[in-house]
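> Chains as they are written, first to last, in the numbering used here: chain G, 1 to 196; chain Y, 1001 to 1196; chain L, 2001 to 2196; chain Z, 3001 to 3196.
Using N, Cα and C, we set each Cβ at its ideal position, and we do this for glycine too.
4 protein chains.
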Amino acid sequence: MPKVGMSQIRREQLIEATLDCVDLHGVNGATISKISKQAGVSTGIVHHYFHNKDDLLEGSMRLMLAHLGHGIIKRKLLAKNHTESILAIIDGNFSEKQIERKSTKIWLSFWAEALHSEVLVRLQTVNMRRLHSNLTYHFKHLIPHEDAKLVASGMAALIDGIWLRGAFMEKGIDAKQANLMCQNYLEMVLEKYSPV
Amino acid sequence: MPKVGMSQIRREQLIEATLDCVDLHGVNGATISKISKQAGVSTGIVHHYFHNKDDLLEGSMRLMLAHLGHGIIKRKLLAKNHTESILAIIDGNFSEKQIERKSTKIWLSFWAEALHSEVLVRLQTVNMRRLHSNLTYHFKHLIPHEDAKLVASGMAALIDGIWLRGAFMEKGIDAKQANLMCQNYLEMVLEKYSPV
Amino acid sequence: MPKVGMSQIRREQLIEATLDCVDLHGVNGATISKISKQAGVSTGIVHHYFHNKDDLLEGSMRLMLAHLGHGIIKRKLLAKNHTESILAIIDGNFSEKQIERKSTKIWLSFWAEALHSEVLVRLQTVNMRRLHSNLTYHFKHLIPHEDAKLVASGMAALIDGIWLRGAFMEKGIDAKQANLMCQNYLEMVLEKYSPV
Amino acid sequence: MPKVGMSQIRREQLIEATLDCVDLHGVNGATISKISKQAGVSTGIVHHYFHNKDDLLEGSMRLMLAHLGHGIIKRKLLAKNHTESILAIIDGNFSEKQIERKSTKIWLSFWAEALHSEVLVRLQTVNMRRLHSNLTYHFKHLIPHEDAKLVASGMAALIDGIWLRGAFMEKGIDAKQANLMCQNYLEMVLEKYSPV
DNA sequence: AATGAATGAGAATTCATTCAT
DNA sequence: AATGAATGAATTCTCATTCAT
């Protein structure tokens, strides 16, 4: 929750520093001390802009989610049919920003942290559900309803799995290959299920 | 006369306690104090059997990997062809033990921890590579070489993605659905790529 | 044109806020932040009107002492003899303002703080001495000199003890009972010591 | 609450150090750092024996109360009638240990702290009530019931007031004078109220 | 082998005070 | 005069690790 009258710039600066530190040291290694040093400010100021570390982490995860969400929405606006919508979702998940190793590591760190944080798990669950229901919605227009849910789950898992494995690749995700894998999956699904 | 193998028993006991704690509190919340309490021993004893906490975590992750590996190997022994081998790999990844929420949470915790631990990242990378090369090997016997790698990557990502998402489901992974998704993927791949 | 006496008003406003906070949170819990919020001003302003927190506390204690002193002096003006003077002192110590729970809590807080503050201890000691010498002076006109000091000490202790205990009563001091106790003490003293 | 199996000696040692620090610096100035230095141990050990600082303070106040209580009980055992019982209570409140300046300062510090601490206020209130009901009980055997309560309140206030003022005397309480004041009050009360 | 007391570095957080605006 | 952002020292508490018994 943003405090009133605060400088939005400082908040973003601190969140950026937090993400940098989470990338480098993990959520737990991202101490207030390291974060403030990274941001070039004193330790005290962090608590001027965020209630506590959890609040800062929440803000940071929200920013990650916002970036992801915007990338997807932007692409979906251009989609002219359900197939293109699904392709937009895929592409949005592997946009330039998302595929950086840094992003994948941050995502993995937040996922793990979310397991033991009520606030983060809520954000994470909402996001996962949105991806799934989004995909389901479009698949339902392309293939039989009874299959759409399973296929949507498969696509969601595929996307998340690529991200997860990307965190362990030196260069992060290979966007081209990632898109290829997902498009390939989509094609096969359409081939198999779509009524001729 | 010293009890033979007592040492081994204590180690396993401590590792079990560690896994319990990682499940409940995450890697970082799994303090030596909690772990030893969970194991019903003193805090000091941990350092008799493990050099330090990292060593204990390594041992714990190795056990997880061993369980997973054994489950897969056991199933693969019964496979009579490459398709069945792939199915065995899939099934082994979603065996009873692996699909428990507890296991998925522990895995996710270790993955995130591995990002900042040389030892754990090595274990994790080796494991990921093994799954990938394993799948690639069998796919190469079923579909064109140039496609096998991509498809194997897809299958690996699908498997890991299901695990990842399972960590956020109340009941962990739905084994039946997980198998279905992967088998479905396999079928479609064979349908599409296999020479008629 | 600057508002005349604005400075004085701000000071009083801050002191009132300080007393409110000391009542609610104790001297130590009365942070500059809480005080300024209570006064409806910024934190920075406090240091415009007071050198530092100690200075603010000193000002606050002085106000408490002033209130107490005025109440007593006002009543003493009406006293027509030494007995009435003593009764005036008693009554002044248990005037409406003083007996509120809030006042008793603030007093107790300042007393404790004074133990480790040179400035406050001086104020406090002066005040205690004044009460004592005041009482002694009047008792000396009523009972033998050698007894007056002891009796004055007793009366002073009785008054302070009632205050102290009032800080732990839900409704503060019961003025009627407090006066009764002290008057009773006075009567007994006069009965015993006064030359018939 | 004492942890099981802990060394009673260390607890007492830490409580003694705490009381020393409260005497020197007040409750708030008695930091864990100072306390552990005073006790000649590391800061960490404090939390091995006490859950947190509040717990340590509670333990410290309990010890003060125990000392006071024991001194009174011991003296009351020798009392042969109600007058002697009251004298025993008085004397117990001004025993050698209690009259030291150090004790009076610690008491005053705890009283003020109790105003904003649920645990401490309970201890303090119980203690105050005990003193009052104890005195009331004995006075009821000596003077008319309707007067006993008021007189008991007076005696209790007198005792506490002497303590309070003792905190501001260089040498603490003058035991002889304190006893004299209280005995004097008792005598006058008996003289006035007791049926002849 | 086993205990758990003890250490001390490091974590988050608070807060009086300063200072640019 | 007034604000509130910014500082950094100080505080409580945690925890891996060591060590005497």
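Taking CB distances under 7 Å as the criterion, tell me whether Z/ARG3165 reaches chain L.
For the purposes of this step, residue 3165 of chain Z is taken as the residue at position 165 of the fourth sequence. Closer than 7 Å to some Cβ of chain L, the Cβ of Z/ARG3165 qualifies, so yes.
> Look up Z/GLY3005 in the DSSP assignment and say whether it is helix, strand or coil.
Along the fourth sequence, one-based indexing puts residue 3005 of chain Z at 5. At Z/GLY3005, the pLDDT of 47 sits below 50, so the modelled position is not reliable and the matter cannot be decided from this model.
> Going along the chain, which residues of the segment 1053 to 1070 of chain Y sit with their C-beta nearer than 8 Å to a C-beta in chain G?
none
> Judging by CA-CA distance, which residue of Y/SER1042, Y/LEU1180, Y/SER1194 and Y/GLY1172 is the nearest neighbour of Y/ILE1099?
Taking the second sequence and counting its residues from 1, the one referred to as residue 1099 of chain Y is at position 99. Answer by Cα proximity: Y/GLY1172.
> For L/GLU2187, is the classification buried or exposed, using 16 other Cβ atoms within 10 angstroms of its Cβ as the cut-off for buried?
As a working mapping, residue 2187 of chain L is identified with position 187 in the third sequence. Under this definition L/GLU2187 is an exposed residue.
> Compare the beta carbon distance of Y/HIS1132 and Y/ALA1156 with 7 Å and say whether it is the shorter of the two.
Locating residue 1132 of chain Y in the second sequence gives position 132, where the first residue counts as 1. Locating residue 1156 of chain Y in the second sequence gives position 156, where the first residue counts as 1. Cβ atoms of Y/HIS1132 and Y/ALA1156: closer than 7 Å.
> So which residues on chain G does Y/GLU1100 lean against when the C-beta distance must stay under 9 Å?
Against the second sequence, residue 1100 of chain Y aligns to sequence position 100. None at all; the shortest Cβ gap to chain G is about 14 Å.
> Just to confirm before moving on: does the CB-CB distance between Z/ASP3147 and Z/TYR3185 stay below 7 Å?
To locate residue 3147 of chain Z, count along the fourth sequence from 1; it is residue 147. To locate residue 3185 of chain Z, count along the fourth sequence from 1; it is residue 185. Their beta carbons are not under 7 Å apart, which means Z/ASP3147 does not touch Z/TYR3185 by this criterion.
> Taking 8 Å as the threshold, find out whether the segment 27 to 36 of chain G comes into contact with the segment 74 to 92 of chain G through three or more Cβ pairs.
no
> Which of the three DSSP states, helix, strand or coil, is assigned to Z/GLU3100?
The residue you call residue 3100 of chain Z lines up with position 100 of the fourth sequence. Of the three classes helix, strand and coil, the one that applies to Z/GLU3100 here is coil, per DSSP.
> Please list the terminal residues of the continuous alpha helix (DSSP H) segment that includes Y/PHE1139.
For this step, residue 1139 of chain Y is matched to residue 139 along the second sequence. Run containing Y/PHE1139: 1118 to 1140, per the alpha helix (DSSP H) assignment.
> Identify the contact partners of G/VAL189 in chain Y, using a Cβ-Cβ distance below 8 Å as the criterion.
By one-based count along the first sequence, residue 189 of chain G stands at place 189. Those are MET1188, listed as they occur along chain Y.
> Compare the C-beta of G/THR125 with all C-beta atoms of chain Y and state if any pair is closer than 7 Å.
Here residue 125 of chain G refers to the residue found at position 125 of the first sequence. Yes, G/THR125 lies at the interface with chain Y (some Cβ there is under 7 Å from its Cβ).
> Residue ranges of each alpha helix (DSSP H) run of no fewer than 4 residues wholly in the segment 2039 to 2113 of chain L, ordered along the chain?
2043 to 2049, 2053 to 2077, 2082 to 2093 and 2096 to 2099
> Mapping the DSSP letters down to three states, classify Z/MET3169 as helix, strand or coil.
In the fourth sequence, counting from the first residue as 1, residue 3169 of chain Z sits at position 169. The answer is coil: DSSP assigns Z/MET3169 none of H, G, I, E or B.
> For L/ASN2093, which of L/HIS2082, L/SER2109 and L/MET2064 has the nearest alpha-carbon?
For the purposes of this step, residue 2093 of chain L is taken as the residue at position 93 of the third sequence. Nearest C-alpha to L/ASN2093: L/MET2064.
> Alpha carbon to alpha carbon, how far is Y/PHE1110 from G/ILE143? Give it in angstroms, no decimals.
Within the first sequence, residue 143 of chain G is the residue found at index 143, counting from 1. Within the second sequence, residue 1110 of chain Y is the residue found at index 110, counting from 1. Taking the straight line joining both Cα atoms gives about 37 Å.
> So L/ALA2175 is in the alpha helix (DSSP H); what residue range does that whole segment cover?
Locating residue 2175 of chain L in the third sequence gives position 175, where the first residue counts as 1. It spans 2175 to 2193 - the alpha helix (DSSP H) in which L/ALA2175 sits, taken as one unbroken run.
> Using a 10 Å radius around the Cβ and a threshold of 16 neighbouring Cβ atoms, would you call Z/LYS3003 buried or exposed?
Working through the fourth sequence from its first residue, we reach residue 3003 of chain Z at position 3. Any reading at Z/LYS3003 is ruled out, since the residue's pLDDT is 42, under 50, leaving its predicted position unreliable.
> Taking 6 Å as the limit between beta carbons, can you name the residues of its chain near Z/VAL3041, skipping five residues before and five after?
In the fourth sequence, residue 3041 of chain Z corresponds to position 41, counting from 1. Within the same chain, Z/VAL3041 has no close Cβ partners at all.
> State buried or exposed for Y/SER1007, treating a residue as buried only when at least 16 other CB atoms are found within 10 Å of its CB.
Here residue 1007 of chain Y is taken as the residue at index 7 of the second sequence, counted from 1. Exposed, by the Cβ-count rule.
> Quick one: list the residues of chain Z neighbouring L/MET2128, beta-carbon separation under 8 Å, in chain order.
Numbered from its first residue, the third sequence carries residue 2128 of chain L at position 128. Those within 8 Å of L/MET2128 in chain Z are ARG3165 and PHE3168.
> Exposed or buried, which one is Y/ALA1106 when buried takes at least 16 other CB atoms within 10 Å?
Translated into the one-based positions of the second sequence, residue 1106 of chain Y becomes position 106. According to the sequence provided, residue 1106 of chain Y is Ile. The question's Ala does not apply to it. Burial call: buried.
> Identify whether Y/ILE1143 lies in helix, strand or coil by the three-state DSSP scheme.
Taking the second sequence and counting its residues from 1, one reaches residue 1143 of chain Y at position 143. Reduced to three states, the DSSP call for Y/ILE1143 is coil.
> Spell out whether any CB of chain G is found under 7 Å from the CB atom of Y/LEU1019.
Counted from its first residue, the second sequence places residue 1019 of chain Y at position 19. Chain G contact via Cβ: absent.
> DSSP on G/THR18, reduced to helix/strand/coil?
Counted from its first residue, the first sequence places residue 18 of chain G at position 18. Under the three-state reduction of DSSP output, G/THR18 falls in the helix class.
> What do you get for Z/ARG3122, buried or exposed, if any count of 16 or more other CB atoms within 10 angstroms of its CB means buried?
Position 122 of the fourth sequence, counted from the first residue, corresponds to residue 3122 of chain Z. That one is exposed.
> Exposed or buried, which one is Y/ILE1009 when buried takes at least 16 other CB atoms within 10 Å?
Counting from one through the second sequence, the residue named residue 1009 of chain Y turns up at place 9. Answer is exposed; the Cβ neighbour count stays below 16.
> Against Y/LYS1080, what residues of chain G qualify as contacts under a CB-to-CB distance less than 9 Å, listed in chain order?
The residue you call residue 1080 of chain Y lines up with position 80 of the second sequence. Under the 9 Å cutoff, chain G gives no residues; its nearest Cβ is about 25 Å from Y/LYS1080.
> Less than 7 Å between the beta carbons of Z/LEU3164 and L/ASP2174, yes or no?
The residue you call residue 3164 of chain Z lines up with position 164 of the fourth sequence. The residue you call residue 2174 of chain L lines up with position 174 of the third sequence. Taking 7 Å as the Cβ cut-off, Z/LEU3164 and L/ASP2174 do not qualify as a contacting pair.
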